[in-house]
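Peer 1: Chains as they are written, first to last, in UniProt numbering: chain A, 1 to 293; chain B, 1 to 293. Note that the Cβ used here is the ideal one computed from N, Cα and C, for glycine as well. Quick one: this structure, given as structure tokens, is what I'll be asking you about.
Protein chains: 2
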Amino acid sequence: MEQVKERIRKQFGNLTASQKIISKVAVDKPSLIAIHTAKKIGELTNTSEATVIRFCHSLGYSGYSELQDEIKKALLMVDQRKGPIQKYRATEDAVTRDNYAHQVIETDIAFLQHGLEQFDYELYQQAIDSIIRANRIVVVGLRWCHIPAKWLFSTLNAIKGNTHLYTGAVDNADYFLTERDQEWLVIAISFPRHPAETIGLVQSAKSLGAKVLAITEGELSPISQAADYLLKVTTPQPVATSGMPTLFSLLNVLIKGVMVHDAANVQKRLQHYDEISSKLYSFVGEEDDFPFY
Amino acid sequence: MEQVKERIRKQFGNLTASQKIISKVAVDKPSLIAIHTAKKIGELTNTSEATVIRFCHSLGYSGYSELQDEIKKALLMVDQRKGPIQKYRATEDAVTRDNYAHQVIETDIAFLQHGLEQFDYELYQQAIDSIIRANRIVVVGLRWCHIPAKWLFSTLNAIKGNTHLYTGAVDNADYFLTERDQEWLVIAISFPRHPAETIGLVQSAKSLGAKVLAITEGELSPISQAADYLLKVTTPQPVATSGMPTLFSLLNVLIKGVMVHDAANVQKRLQHYDEISSKLYSFVGEEDDFPFY
DNA sequence: CAGAAAATGTAGTAAATCCTTCATTTTGAT
DNA sequence: ATCAAAATGAAGGATTTACTACATTTTCTG
Numbered sequence: 001m002e003q004v005k006e007r008i009r010k011q012f013g014n015l016t017a018s019q020k021i022i023s024k025v026a027v028d029k030p031s032l033i034a035i036h037t038a039k040k041i042g043e044l045t046n047t048s049e050a051t052v053i054r055f056c057h058s059l060g061y062s063g064y065s066e067l068q069d070e071i072k073k074a075l076l077m078v079d080q081r082k083g084p085i086q087k088y089r090a091t092e093d094a095v096t097r098d099n100y101a102h103q104v105i106e107t108d109i110a111f112l113q114h115g116l117e118q119f120d121y122e123l124y125q126q127a128i129d130s131i132i133r134a135n136r137i138v139v140v141g142l143r144w145c146h147i148p149a150k151w152l153f154s155t156l157n158a159i160k161g162n163t164h165l166y167t168g169a170v171d172n173a174d175y176f177l178t179e180r181d182q183e184w185l186v187i188a189i190s191f192p193r194h195p196a197e198t199i200g201l202v203q204s205a206k207s208l209g210a211k212v213l214a215i216t217e218g219e220l221s222p223i224s225q226a227a228d229y230l231l232k233v234t235t236p237q238p239v240a241t242s243g244m245p246t247l248f249s250l251l252n253v254l255i256k257g258v259m260v261h262d263a264a265n266v267q268k269r270l271q272h273y274d275e276i277s278s279k280l281y282s283f284v285g286e287e288d289d290f291p292f293y
Numbered sequence: 001m002e003q004v005k006e007r008i009r010k011q012f013g014n015l016t017a018s019q020k021i022i023s024k025v026a027v028d029k030p031s032l033i034a035i036h037t038a039k040k041i042g043e044l045t046n047t048s049e050a051t052v053i054r055f056c057h058s059l060g061y062s063g064y065s066e067l068q069d070e071i072k073k074a075l076l077m078v079d080q081r082k083g084p085i086q087k088y089r090a091t092e093d094a095v096t097r098d099n100y101a102h103q104v105i106e107t108d109i110a111f112l113q114h115g116l117e118q119f120d121y122e123l124y125q126q127a128i129d130s131i132i133r134a135n136r137i138v139v140v141g142l143r144w145c146h147i148p149a150k151w152l153f154s155t156l157n158a159i160k161g162n163t164h165l166y167t168g169a170v171d172n173a174d175y176f177l178t179e180r181d182q183e184w185l186v187i188a189i190s191f192p193r194h195p196a197e198t199i200g201l202v203q204s205a206k207s208l209g210a211k212v213l214a215i216t217e218g219e220l221s222p223i224s225q226a227a228d229y230l231l232k233v234t235t236p237q238p239v240a241t242s243g244m245p246t247l248f249s250l251l252n253v254l255i256k257g258v259m260v261h262d263a264a265n266v267q268k269r270l271q272h273y274d275e276i277s278s279k280l281y282s283f284v285g286e287e288d289d290f291p292f293y
């Protein structure tokens with residue numbers, strides 16, 4: 001890439017007017033050249049296919065193909081760095097006594113920032129709307145996903161009510177989904193290695209007409225296929241331990257979303273809760289606005 | 001792009017094994033498809049050109065060209081948004097439909113960064129050493145603190161063993177602390193409004209000679225007085241909901257610290273776990289290195 | 001303004017790429 | 001273990017794309 005721009009810089013004086021226009025595209029939007037044919041670049045610059053190719057020759061390339069290949073390679077290189085992992089890989093060889101703490105927290109920050117960049121409002125809004133719309137909700141998360149699942153269950157139950165937690169085969173899907181007339185929503189949290197029981201529950205829920213919101217690692221997750229809404233979560237590995245901060249942060253977005261759209265009294269209740277919490281700093285009490293237990 | 005991923009998600013179950021491999025490329029590195037020919041994608045996935053095209057057909061496209069064009073368009077769209085970064089700076093005036101998500105995540109990032117600045121190695125190292133030294137550990141966290149407590153209990157049990165979770169008055173302190181000769185450590189997680197039972201347990205544990213590691217909001221917390229080690233955690237409010245990411249991140253530091261100092265085989269086990277997770281992307285299995293349930 | 005030289009566009013050819021067909025291998029069920 | 005069905009790979013035809021030769025337009029100079 002820099003190789004291309006360097007050639008343009010050196011040869012720019014010798015280029016014709018049309019070729020200078022093409023140069024501008026090559027420098028500012030190289031991805032256009034990587035993707036489109038010489039003909040299209042010609043149309044785009046109000047020149048012709050032949051001029052584009054002559055432009056390549058002027059830069060010393062054998063033709064359009066060679067220039068395009070070089071740009072493609074360069075773009076793939078920067079694409080490779082996508083994802084927050086690379087950033088801290090360099091130092092990860094030696095986890096020493098002095099730096100592991102920074103590494104852990106910085107990794108969490110990196111993944112949160114990555115999640116922020118990739119964030120899809122529309123998707124989350126649909127998920128949040130589905131939660132608001134649902135009459136009854138079942139949260140499912142087995143194995144270690146039980147922990148975020150239980151939190152989500154407790155929180156949703158506190159701010160919305162009518163939420164259930166699927167804990168295992170004894171309470172089977174039929175038990176939860178008997179009232180067919182209701183608008184049911186199943187929220188499934190699952191990551192590799194996916195428990196077969198979670199997949200089974202999701203599928204049977206789907207076949208019973210419930211909506212499914214999947215919180216998982218990607219489109220290829222086995223629970224994604226049956227899902228109506230898919231929230232993709234990219235976390236440090238292994239998810240069971242290092243993934244919690246990122247996962248909870250995104251779950252929190254859901255909760256906040258529901259709270260914003262939901263009854264204002266919930267928000268007031270929480271503000272009230274905040275005030276109490278901060279004023280009575282070390283208050284000791286048994287009652288709780290959030291009946292977590 | 002989302003259109004492509006959506007089709008993959010819906011059709012994934014109907015795809016053949018080779019096609020699923022191609023799916024992984026399409027989802028994770030769509031730019032590869034935008035740039036390379038069908039033949040190259042075939043080579044890259046150890047399949048063939050024909051299989052790549054059949055994969056396109058399975059998704060409902062007329063062929064590779066159509067799929068490629070759609071990915072190209074999508075990639076150009078996101079490229080368009082590059083340049084002047086329109087990041088939603090913490091304009092905290094109003095939590096609107098459009099920016100609350102950014103606010104939530106950015107708040108988490110801000111608190112993690114704050115925690116990083118304030119981080120006291122010495123303190124954490126003492127806490128980690130106390131965990132390593134302890135023969136038996138009791139984790140206590142009531143009400144909604146039960147969630148991080150259970151996670152800590154499960155994780156410590158997996159990498160160290162001999163860890164117990166105090167769940168309520170029925171299992172009282174005496175039950176846990178009968179073996180006086182052993183080196184007991186009580187890890188207490190508690191935030192306002194502090195459950196009286198947590199305080200009680202901590203105090204009686206202390207009087208029975210156990211060491212106490214308190215994870216709480218500050219020096220004035222009622223459990224801080226009896227604590228031998230105090231880890232101060234500052235989180236967004238309310239802790240029960242918004243505090244989870246920060247809290248888990250710091251707990252994670254503890255875990256990583258124990259792992260670093262602890263047996264090397266645990267770390268190897270976890271690395272192995274990582275490899276399996278990433279290689280068998282959508283693997284479905286029942287066994288788990290972490291016996292969380 | 002005229003003529004020449006450079007630049008540009010058009011059209012045709014060669015090459016690469018896509019896509020279909022058929023033979024072979026793999027998978028799954030009885 | 002056997003057969004049928006499905007999946008895969010190899011090869012040839014169809015289409016698109018890159019490149020080149022020639023015709024036309026534009027630009028520059030005296």
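To the nearest angstrom, report how far apart A/T37 and B/T47 are at their CA atoms.
Peer 2: Here residue 37 of chain A refers to the residue found at position 37 when the first sequence is read from its first residue. Here residue 47 of chain B refers to the residue found at position 47 when the second sequence is read from its first residue. When rounded, the distance between both Cα atoms is 27 Å.
Peer 1: Between the beta-carbon of B/F191 and the beta-carbon of B/E219, is there less than 9 Å?
Peer 2: Looking up residue 191 of chain B in the second sequence gives position 191. Looking up residue 219 of chain B in the second sequence gives position 219. No, these two residues do not count as a Cβ contact at 9 Å.
Peer 1: Who are the Cβ neighbours of B/P25 in its own chain at under 8 Å, not counting the five residues just before and after it?
Peer 2: Numbered from 1 along the second sequence, position 25 holds the residue referred to as residue 25 of chain B. The sequence given here has Val at residue 25 of chain B, not Pro. Around B/V25: L32, I33, I41, L44 and T45.
Peer 1: Going along the chain, which residues of its own chain have a beta-carbon closer than 8 Å to the beta-carbon of residue 295 of chain B, five neighbours each way excluded?
Peer 2: Nothing can be reported for residue 295 of chain B: it is not among the residues displayed for chain B, which extend from 1 to 293.
Peer 1: Could you run through the segment 111-132 of chain A and flag, in chain order, every residue whose CB is less than 7 Å away from some CB of chain B?
Peer 2: Answer in chain order: L112, Q113, G115, L116, F119, Y121 and Y124.
Peer 1: Got a sec: is the Cβ-Cβ distance from A/T45 to anything in chain B below 9 Å?
Peer 2: Here residue 45 of chain A refers to the residue found at position 45 when the first sequence is read from its first residue. No, because no Cβ of chain B sits closer than 9 Å to the Cβ of A/T45.
Peer 1: Can the beta-carbon of A/L76 be found closer than 9 Å to that of B/I35?
Peer 2: For the purposes of this step, residue 76 of chain A is identified with residue 76 of the first sequence, where counting begins at 1. For the purposes of this step, residue 35 of chain B is identified with residue 35 of the second sequence, where counting begins at 1. Going by C-beta atoms, A/L76 is nearer than 9 Å to B/I35.
Peer 1: Helix, strand or coil for A/R193 per DSSP?
Peer 2: For this step, residue 193 of chain A is matched to residue 193 along the first sequence. In the structure shown, A/R193 sits in coil (DSSP, three-state: anything other than H, G, I, E or B).
Peer 1: Going along chain B in order, which residues have a C-beta closer than 7 Å to the C-beta of A/H102?
Peer 2: By 1-based counting over the first sequence, the position of residue 102 of chain A is 102. Per Cβ cutoff of 7 Å: L116.
Peer 1: Starting from B/K150, trace the alpha helix (DSSP H) in both directions and tell me its first and last residue.
Peer 2: As a position in the second sequence, residue 150 of chain B is number 150, starting the count at 1. H146 to I159 is the span of the alpha helix (DSSP H), which, as asked, contains B/K150.
Peer 1: What separation, rounded to the nearest whole angstrom, lies between the Cα atoms of A/L142 and B/P30?
Peer 2: Counted from its first residue, the first sequence places residue 142 of chain A at position 142. Counted from its first residue, the second sequence places residue 30 of chain B at position 30. For A/L142 and B/P30, the distance between alpha carbons rounds to 32 Å.
Peer 1: Please work out which residues of its chain come closer than 6 Å, Cβ to Cβ, to A/D228, disregarding the five sequence neighbours upstream and downstream, and give them in chain order.
Peer 2: Along the first sequence, read from residue 1 onward, the residue named residue 228 of chain A stands at position 228. Excluding positions up to five away in sequence, the list reads K211 and V212.
Peer 1: Is there a Cβ of chain B sitting closer than 9 Å to that of A/N252, yes or no?
Peer 2: Taking the first residue of the first sequence as position 1, residue 252 of chain A is located at position 252. Interface residue, yes.
Peer 1: So what's A/Y61 in DSSP terms, helix, strand or just coil?
Peer 2: Numbered from its first residue, the first sequence carries residue 61 of chain A at position 61. A/Y61: coil per DSSP, three-state reduction.
Peer 1: Name the chain B residues that come within less than 7 Å of A/I33, Cβ to Cβ?
Peer 2: The residue labelled residue 33 of chain A in the question sits at position 33 within the first sequence. Those do not exist, as A/I33 stays about 11 Å from chain B at its closest Cβ, beyond 7 Å.
Peer 1: So what's A/A226 in DSSP terms, helix, strand or just coil?
Peer 2: In the first sequence, residue 226 of chain A corresponds to position 226, counting from 1. Coil at A/A226, not helix or strand.
Peer 1: For the segment 222-245 of chain A, which residues have a beta carbon sitting closer than 7 Å to at least one beta carbon of chain B?
Peer 2: Cβ contacts with chain B come from P222, S224, Q225, L230, Q237, P238, A240, T241, S242, M244 and P245.
Peer 1: Here's the rule: buried if 16 or more other CB atoms are within 10 angstroms of the residue's CB, otherwise exposed. What is B/A101?
Peer 2: Looking up residue 101 of chain B in the second sequence gives position 101. Flag for B/A101 reads buried.
Peer 1: Taking 8 Å as the cut-off, does the segment 186-200 of chain B touch the segment 131-146 of chain B (at least 3 CB pairs, one atom from each stretch)?
Peer 2: Contact between the segment 131-146 of chain B and the segment 186-200 of chain B is present, because at least three Cβ pairs lie under 8 Å.
Peer 1: Which residues in chain B sit within 7 Å of A/I189, going by Cβ to Cβ distance?
Peer 2: Position 189 of the first sequence holds residue 189 of chain A. The contacting residues do not exist; A/I189 stays about 13 Å from chain B at best.
Peer 1: Is it true that the segment 200-208 of chain A meets the segment 118-129 of chain B, where meeting means three or more beta-carbon pairs spaced less than 8 Å apart?
Peer 2: No contact exists between the segment 200-208 of chain A and the segment 118-129 of chain B.
Peer 1: Can you find a CB in chain A that lies within less than 9 Å of the CB of B/T155?
Peer 2: Taking the second sequence and counting its residues from 1, the one referred to as residue 155 of chain B is at position 155. Chain A contact via Cβ: present.
Peer 1: Let me know the secondary structure DSSP gives A/L216 once reduced to three states.
Peer 2: Locating residue 216 of chain A in the first sequence gives position 216, counting from the first residue. Looking at the sequence shown, residue 216 of chain A is not Leu but Thr. DSSP places A/T216 in strand when its eight states are reduced to three.
Peer 1: CB-CB under 8 Å to B/I128, same chain, minus the five flanking residues each way: which ones, in chain order?
Peer 2: As a first step, residue 128 of chain B must be located in the second sequence, where it is residue number 128. Counting only Cβ-Cβ distances below 8 Å, and skipping sequence neighbours, we find L254, G257, V258 and H261.
Peer 1: For chain B, is any of its Cβ atoms less than 9 Å away from the one on A/F55?
Peer 2: Counted from its first residue, the first sequence places residue 55 of chain A at position 55. A/F55 does not count as touching chain B.
Peer 1: Which bits of chain B does A/F248 rub up against, with CB to CB less than 8 Å?
Peer 2: The residue given as residue 248 of chain A occupies position 248 in the first sequence. By Cβ distance, chain B contributes M244, P245 and F248.
Peer 1: Does the beta-carbon of A/Q19 have 16 or more other beta-carbons within 10 angstroms, so that it is buried, or is it exposed?
Peer 2: The sequence position of residue 19 of chain A within the first sequence is 19, counting from 1. Buried: at least 16 other Cβ atoms inside 10 Å.
Peer 1: Just curious, the alpha helix (DSSP H) that B/H36 is in, first and last residue?
Peer 2: Position 36 of the second sequence holds residue 36 of chain B. Taken as a continuous stretch (DSSP letters only), B/H36 belongs to no alpha helix (DSSP H), as it is neither H nor E.
Peer 1: Spell out a yes or no on whether the segment 154-168 of chain A and the segment 149-169 of chain B are touching, meaning 3 or more CB-CB pairs, one atom from each, closer than 8 Å.
Peer 2: No contact exists between the segment 154-168 of chain A and the segment 149-169 of chain B.
Peer 1: Spatial neighbours of A/S130 within its chain, please: C-beta separation below 8 Å, excluding the five flanking residues on both sides.
Peer 2: Working through the first sequence from its first residue, we reach residue 130 of chain A at position 130. Closer than 8 Å at Cβ, skipping near neighbours: L185, K211, L213, D228 and Y229.
Peer 1: For a cutoff of 9 Å on Cβ pairs, would you count A/K72 as touching chain B?
Peer 2: Within the first sequence, the letter at position 72 stands for residue 72 of chain A. Chain B contact via Cβ: present.
Peer 1: With a threshold of 9 Å between beta carbons, is B/I41 in contact with chain A?
Peer 2: Within the second sequence, the letter at position 41 stands for residue 41 of chain B. Answer no: the Cβ-Cβ gap between B/I41 and chain A never drops below 9 Å.
Peer 1: So, under 8 Å CB-CB, B/I215 and A/I147 are touching, yes? Tell me the CB distance rounded to an integer number of Å.
Peer 2: For the purposes of this step, residue 215 of chain B is taken as residue 215 along the second sequence, with counting starting at 1. For the purposes of this step, residue 147 of chain A is taken as residue 147 along the first sequence, with counting starting at 1. Their Cβ separation, rounded to whole angstroms, is 16 Å, which puts B/I215 and A/I147 out of contact at 8 Å.
Peer 1: Under a three-way DSSP split, which group does A/E287 fall into?
Peer 2: Position 287 of the first sequence holds residue 287 of chain A. For A/E287, the predicted model reports a pLDDT of 41, less than 50, meaning its position is unreliable and no value from the coordinates is stated.
Peer 1: Answer with buried or exposed for A/S278, where buried requires no fewer than 16 other C-beta atoms within 10 angstroms of its C-beta.
Peer 2: Counted from its first residue, the first sequence places residue 278 of chain A at position 278. Note that A/S278 scores a pLDDT of 37, beneath 50, so its modelled location is shaky; the value from the coordinates is reported in the next line. Burial call: exposed.
Peer 1: Against chain B, does A/K150 count as a neighbour if the rule is that its beta carbon must be under 9 Å from one of theirs?
Peer 2: Indexing the first sequence from 1 puts residue 150 of chain A at position 150. Taking Cβ atoms only, chain B reaches closer than 9 Å to A/K150, which makes this a yes.
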